[in-house]
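These notes concern the structure reproduced below.
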Amino acid sequence: MIHWVFYAAFAIVLWGVNGLFMKLGTNRISARAMVIWVTAGFVVLLPFLWTAASLSGLTTGVILAGLIAGTVNGLGNWAIFACLEKGAKASVAIPLTALYPLCTALLATAFLGERPSVLQWLGIALALAGGAMLSYEPSTVRAPEEQLHCTQ
Amino acid sequence: MQTDRRQFPVWLWYALLCIFWWGVWGFLSKIGSNTANPLQMQVLFTLGMLPVALAMLVQMRGNLDRNIGGITFGLLSGIATGVGTLGYYAALRNQNASIVTPVTGLFPVLTVLLAFLVLRERLNKLQMWGMLLALASIVILSI
């Protein structure tokens, strides 16, 4: 039997390489086109998934939750591609957007009545601090007076 | 004289928007996965992504970018995410989610390393510390 670590490492490699594909893709085509081609990449896997999983037995509510989840996931994909298209480094944007469980934790607290543990509060604090530090890109621009002198 | 101007870059707005949408995705997945298994959820996610892709196609009036490199990376991105997710589900069959999810949450380390090697991207010291804190929080929040 294959050890679970192998499968986890497989996921890490593919998701990690994907961050590079995302940046290389948005360097060449628009964020909107990337959404279309990424979705096409998912659709390629659909026949395999369909043979392994049937949707029979699922309630309408669960199917609706899954479909809407897919839609918001697609919107998230568009946002990350737009982020990379606007010049974000892959090494900043990918770790930063990987902080989305913070938002999930807040929504689960607000709507599902889940109470974060002390450890999770620590995780939330670290996410906020880490996110703020990652987003810090010092931009060196010339002072307006100097720009004026330059144009004269 | 060079001056630092603190400003909120456009890319950061999109990053925050992405965190929001993926956060909602995680929330809805939480609700759906109480009944549906991961593969069923993956089928529903894929079907749910189609309207967004179609809306983008309509917005572009069918004029898709024809850059072969871009198309290849786009397709590879979708396939890598999907197949990676299957690997994640396979790991979940043999180990608890409280162990597998924090481990797989470390994938940004590889992206940062590849961006350093392939794209020649460099992080400043503060961003390096930020990445370490972010990784620690990803692991903690995934438990």
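Protein sequences, first through last, are from chains D and L.
Here the first sequence is numbered in the working numbering, starting from 1 and rising by one per residue.
Here the second sequence is numbered in the working numbering, starting from 1001 and rising by one per residue.
Virtual Cβ for every residue (Gly too), placed ideally from N, Cα, C.
Thinking C-alpha only, which one of the options is nearest residue i?
i, options, result
"Gln1040/L", "Thr59/D, Gly76/D, Thr26/D", "Thr59/D"
"Leu1064/L", "Arg32/D, Trp78/D, Ala105/D, Leu46/D", "Arg32/D"
"Phe81/D", "Val118/D, Val5/D, Gly25/D", "Gly25/D"
"Gly61/D", "Leu1119/L, Gly1026/L, Ala1036/L, Arg1061/L", "Ala1036/L"
"Thr1104/L", "Leu1126/L, Ala1136/L, Gly1078/L, Ile1079/L", "Ala1136/L"
"Phe1107/L", "Ala1134/L, Leu1119/L, Val1118/L", "Ala1134/L"
"Lys23/D", "Gly1084/L, Ile1079/L, Phe1073/L, Tyr1089/L", "Phe1073/L"
Buried or exposed: residue i, going by 16 or more other Cβ atoms within 10 Å of its Cβ?
i, result
"Pro138/D", "exposed"
"Glu114/D", "exposed"
"Ser56/D", "exposed"
"Trp50/D", "exposed"
"Ile2/D", "exposed"
"Leu84/D", "buried"
With a threshold of 8 Å between beta-carbons, can residue i be considered close to chain L, or not?
i, result
"Pro101/D", "yes"
"Val44/D", "yes"
"Val118/D", "no"
"Arg115/D", "no"
"Thr60/D", "no"
Roughly how many whole angstroms lie between the Cα atoms of residue i and residue j?
i, j, result
"Val92/D", "Leu1123/L", "8 Å"
"Leu1044/L", "Leu1028/L", "12 Å"
"Val13/D", "Lys1030/L", "25 Å"
"Gly1087/L", "Trp1129/L", "30 Å"
"Leu1016/L", "Thr97/D", "7 Å"
"Ala125/D", "Ala52/D", "40 Å"
"Ala1115/L", "Tyr7/D", "23 Å"
"Ile1140/L", "Ile1099/L", "11 Å"
"Ser117/D", "Leu1110/L", "29 Å"
"Tyr1014/L", "Ala79/D", "5 Å"
Which residues mark the beginning and the end of the alpha helix (DSSP H) in which residue i is found?
i, result
"Thr1085/L", "1068-1094"
"Val1024/L", "1010-1032"
"Tyr7/D", "4-26"
"Pro101/D", "101-111"
"Ile1143/L", "No alpha helix (DSSP H) contains Ile1143/L, which DSSP labels as neither H nor E."
"Ser135/D", "It is not in any alpha helix (DSSP H) - Ser135/D carries neither H nor E in the DSSP assignment."
"Ser1098/L", "1097-1104"
If we define contact as Cβ-Cβ less than 8 Å, is residue i a contact residue for chain D?
i, result
"Ala1053/L", "yes"
"Ser1098/L", "no"
"Val1112/L", "yes"
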